[in-house]
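Some notes on the structure that comes next.
2 protein chains.
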Amino acid sequence: MEIQDLSREQLQERLAALTEKYNEYKSMGLKLDMSRGKPGADQLEITNDMLDPTFLGDFKTSNGFDVRNYGILDGIPECKKLFSEILDVAPENLIVFGNASLTIMYDYIAQCMIFGAGAEPWAAQKGIKFLCPVPGYDRHFSILEHFGIEMINIPTNENGPDMDKIDELIKDEKVKGIICVPMYSNPTGTTYSDETVRRFASLKPAAKDFRVIWDNAYCIHHINNNHDKLLNIFEACKETGNEDYFIEVTSTSKVTFPGAGISVLAASDANIRAVKSRMTIQTIGYDKINQLRHVNYLKDKAGVEAHMDKHAAILKPKFDAVLDAFEKNLAGKGIASWTNPNGGYFISLDVYEGCAIRTVALCKEAGVTLTGAGATYPYGKDPEDKNIRIAPTFPSRDELCKAVEILCLCVEISAIEKILG
Amino acid sequence: MEIQDLSREQLQERLAALTEKYNEYKSMGLKLDMSRGKPGADQLEITNDMLDPTFLGDFKTSNGFDVRNYGILDGIPECKKLFSEILDVAPENLIVFGNASLTIMYDYIAQCMIFGAGAEPWAAQKGIKFLCPVPGYDRHFSILEHFGIEMINIPTNENGPDMDKIDELIKDEKVKGIICVPMYSNPTGTTYSDETVRRFASLKPAAKDFRVIWDNAYCIHHINNNHDKLLNIFEACKETGNEDYFIEVTSTSKVTFPGAGISVLAASDANIRAVKSRMTIQTIGYDKINQLRHVNYLKDKAGVEAHMDKHAAILKPKFDAVLDAFEKNLAGKGIASWTNPNGGYFISLDVYEGCAIRTVALCKEAGVTLTGAGATYPYGKDPEDKNIRIAPTFPSRDELCKAVEILCLCVEISAIEKILG
Chain A
79 MEIQDLSREQ LQERLAALTE KYNEYKSMGL KLDMSRGKPG ADQLEITNDM LDPTFLGDFK
139 TSNGFDVRNY GILDGIPECK KLFSEILDVA PENLIVFGNA SLTIMYDYIA QCMIFGAGAE
199 PWAAQKGIKF LCPVPGYDRH FSILEHFGIE MINIPTNENG PDMDKIDELI KDEKVKGIIC
259 VPMYSNPTGT TYSDETVRRF ASLKPAAKDF RVIWDNAYCI HHINNNHDKL LNIFEACKET
319 GNEDYFIEVT STSKVTFPGA GISVLAASDA NIRAVKSRMT IQTIGYDKIN QLRHVNYLKD
379 KAGVEAHMDK HAAILKPKFD AVLDAFEKNL AGKGIASWTN PNGGYFISLD VYEGCAIRTV
439 ALCKEAGVTL TGAGATYPYG KDPEDKNIRI APTFPSRDEL CKAVEILCLC VEISAIEKIL
499 G
Chain B
79 MEIQDLSREQ LQERLAALTE KYNEYKSMGL KLDMSRGKPG ADQLEITNDM LDPTFLGDFK
139 TSNGFDVRNY GILDGIPECK KLFSEILDVA PENLIVFGNA SLTIMYDYIA QCMIFGAGAE
199 PWAAQKGIKF LCPVPGYDRH FSILEHFGIE MINIPTNENG PDMDKIDELI KDEKVKGIIC
259 VPMYSNPTGT TYSDETVRRF ASLKPAAKDF RVIWDNAYCI HHINNNHDKL LNIFEACKET
319 GNEDYFIEVT STSKVTFPGA GISVLAASDA NIRAVKSRMT IQTIGYDKIN QLRHVNYLKD
379 KAGVEAHMDK HAAILKPKFD AVLDAFEKNL AGKGIASWTN PNGGYFISLD VYEGCAIRTV
439 ALCKEAGVTL TGAGATYPYG KDPEDKNIRI APTFPSRDEL CKAVEILCLC VEISAIEKIL
499 G
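Taken in sequence, the protein lines are chains A and B. Heads up: the first sequence is residues 79 to 499, going by my numbering. Heads up: the second sequence is residues 79 to 499, going by my numbering.
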């Protein structure tokens, strides 16, 4: 029965009952954190063996290079080969970086700001804009805001962003790009449909220095056996010749160790050349010991997949705990909807319109930290104040069950409060 | 007897004899490399034990943080403590970065270009300049050239750069900074005198957004027992209040593993705040597993010094081999002078004026690769064409002896050719 169908008295009664329950939780002095897409302690144990020096062998790469010394700017050959299998991109179109794909994205945009992307520096072209599929990843938006790039929201559905809207907006040559997570999106878990990827590959932007930051962070992060599939953007571009528009990144942050993994950029020949020419100035190369350690441990694509299955075995019960609680406490009430992703790190929860900030605040008071309301939108402003990103990975399953119970209470309380006015 | 005192006939005879010897070497098909400041294979072995996972213990930092997960932006506490001892700078004035101090410098200058250093972005202030003590480090010059910053040569002597000239030039508010290696300078091995450091601390630049990149790469890289001492720039600034002008960097690239070490920035409170505020956008933090591995292995300043003694034991015979050959083959001839450093990675050789390019080319033909002539000057232009950076560390001692023998021949041949005209 939908909440809206209840009478004012029924609503007030229900609010009183829920508030009593809420106050019980509040008095427990809990401290639960569902705010960050951070692996849990048990996930960290999976990769410990990689730190055994046997995985470094005689420190030599397949081309005879000693990883303990200077040299090799763009990644050791076996590491490129591994990512080549994972991303289905030729090794020569890959560069292996340091410990974070976030830094690759930051640096790439910084490069465009200072030196441009084949045209005038972005910084010199006043009033430039980026399109941001929403809800999206707060750290993407932070980078764009940091550089003073205006952000425009693009709504998304189960197939990805609204491509008609994108086609329309890129007629403005001030629109320089799009930043997105095409597979198991943060936070909705959406994987762009083949049709959406093909439309990306066929974009006709007015700006000749247009770039899509294709953050494929979760390309191998399935949480059940029903794997999504993402069409390879560079394959799709073979028909359109648009490969220079796309900068793809991924990393092993949530494969091996967050903060001590390796990251990679995939791009067209021309873009690889441009990035390498900056890198010769910016760095003496990245940590090749860590690259060799990763490759010898993970071996190949099959090895990576087997490793990811171990993560999935830990993650699935956590996602299920959240989804079961939502189903039990929120389904059919007309006050919330949520995603049920096949991979990634998040569940996207839409609460009753105008209630996200209040829900997060109520949770906070009861000791449950959620990602801030609005974080999934540019400038932290959710125009409907309804989206909350749920990160089920870091707490233990017991903590999670308690936290989500409280969350459901707060969702309903804030909805009733809203309806009562 | 000086070459210049020989008659034309004597010179021609000598040239013929030297050329004969040179041609013998040339026919050997040698392949010797003295071009890079790269540790030798034996130096890499010193640190292998650090890769043992026992140095990671239970993965916890001194404040109870798991280094295998996300978190801690500016370095784990014990790592800051270690660098605090080494640089004599408070932990809160340090940030631990990734594997290369070169990247810290690049990123810092990029930050000044895009966002400024407390004033208008450098990129928006057309025609900005940096002062470059010469001979200096080619990669410093490459960064400045990359960003389109005009470079002005500052001559140096055994006390450091010509401070009178610097005082004069910084009256121009377009002069935004200086980049230098204050201890065991690349390539001369000079350590700035206390007086020089105090004059740096007392600089009165017209530009309020003035910055000195104080690349203290070799602060612990002694090669004999006669250690140079560098006055602490931040101590010196305590009397002048100029601490905001200085950005100090160093790294363990030549302490542990080149490319797999850790780097650090030391700066004033205000500059640390500015850099951290960029870092919150740019990165999820650096490799903390590698930080913990380093600290647990090196332990403290005394541990680092003991470790550096092992490097010195390998390096001293190599430096001696070069210096002995110079003494034997070039001394008293009036065609070359060279430095005899107490630390660092280089010997700076000044050949007969106008002969550096020719010397390097002759060496190349005989299979000996040197750092390119001119590399020690901005834009690769040595105005007197006489400085050559000698990097004795990478070849084995036998290779080195052969290479330096050939180098001495080429120095003399090119000088005689020049005199003969």
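The beta-carbon is built from N, C-alpha and C at its ideal position, and this holds for glycine as well.
- Contact note: B/G363 reaches chain A through G337, using a C-beta cutoff of 7 angstroms and chain order.
- Here A/G458 carries a helix assignment [DSSP, helix/strand/coil].
- For B/A390, there is no enclosing beta strand (DSSP E); the enclosing alpha helix (DSSP H) has its first and last residue at 379-408.
- Taken in chain order, the unbroken stretches of beta strand (DSSP E) that lie wholly in the stretch 316-378 of chain B and span 3 residues or more are 324-329, 341-345.
- Judged by pairs of C-beta atoms under 8 angstroms, the stretch 80-95 of chain A touches the stretch 402-421 of chain A, as three or more such pairs exist.
- Put simply, the stretch 289-309 of chain B does not touch the stretch 131-139 of chain B. Fewer than three CB pairs are less than 8 angstroms apart.
- When beta bridges are read from the DSSP output, A/V446 appears opposite A/L110.
- Looking from the CA of A/A469, the closest CA among A/W416, A/K104, A/Q88, A/L93 belongs to A/W416.
- Residue contact check for B/M191 against chain A: a CB pair falls below 8 angstroms.
- At least 8 angstroms separates the CB of A/G458 from every CB of chain B.
- Close CB contacts of A/S341 within its chain, under the 8 angstroms cut and outside five residues either way in sequence, are with V174, F175, G176, N177, A178, S179, T181, I182, V327, T328, S329, T330, S331 (chain order).
- In the three-state reduction of the DSSP assignment, B/D463 falls in the coil class.
- Within 9 angstroms of the CB of A/A414, no CB atom of chain B is found; the nearest one sits about 28 angstroms away.
- Taking the C-beta atoms as reference points, A/G445 is found no nearer than 8 angstroms to A/L96.
- Judged by DSSP secondary structure, B/M229 falls within the beta strand (DSSP E) whose first and last residues are 228-235.
- In the same chain as B/S162, and ignoring 5 residues on each side of it, the C-beta atoms closer than 8 angstroms to its own belong to A168, P169, L172, in chain order.
- From the listed residues B/S105, B/A390, B/L209, B/R146, the smallest Cα separation to B/Y455 is found for B/L209.
- When DSSP states are grouped into helix, strand and coil, B/S162 belongs to the helix group.
- The contact set of B/P260 on chain A, defined by CB atoms closer than 9 angstroms, is empty, because the minimum CB distance reaches about 20 angstroms.
- For A/D120, the three-state secondary structure derived from DSSP is helix.
- Cβ contact annotation for B/G267 (same chain, cutoff 6 angstroms, sequence separation greater than five): T417, P419, G422, in chain order.
- For the stretch 164-185 of chain B, the set of positions with a beta-carbon nearer than 7 angstroms to some beta-carbon of chain A reads G176, N177, A178, L180, T181, Y184 in chain order.
- If only complete runs of 3 or more residues are kept, the stretch 164-243 of chain B shows the beta strand (DSSP E) at 172-174, 207-212, 228-235, in order along the chain.
- Exposed is the label assigned to A/D476, since fewer than 16 other Cβ atoms lie within 10 Å of its Cβ.
- Boundaries for B/R146: no beta strand (DSSP E) harbours it, and the DSSP string shows neither H nor E there.
- Between A/A201 and A/E251, the CB-CB gap reaches or exceeds 8 angstroms.
- In the structure shown, the three-state DSSP call for A/D245 is helix.
- Interface flag for A/A188 against chain B is set, since a Cβ pair is found closer than 8 angstroms.
- The bridge partners DSSP lists for A/A414 are A/V429.
- Excluding the 5 residues flanking it on each side, A/M241 has same chain C-beta neighbours closer than 8 angstroms at T274, R277, F278, in chain order.
- Among the CB atoms of chain A, none fall inside 8 angstroms of the CB of B/A195.
- Looking from the CA of B/F424, the closest CA among B/I244, B/A399, B/I435, B/I164 belongs to B/A399.
- Within the stretch 123-134 of chain B, L129, D130, P131, L134 place their CB atoms closer than 7 angstroms to a CB of chain A, listed in sequence order.
- Within the stretch 203-221 of chain A, the residues whose Cβ lies closer than 9 angstroms to any Cβ of chain B are, in chain order, R217, S220, I221.
- In the displayed model, A/I154 falls within coil according to three-state DSSP, outside both helix and strand.
- For the stretch 417-447 of chain A, no residue has a beta-carbon sitting nearer than 9 angstroms to a beta-carbon of chain B.
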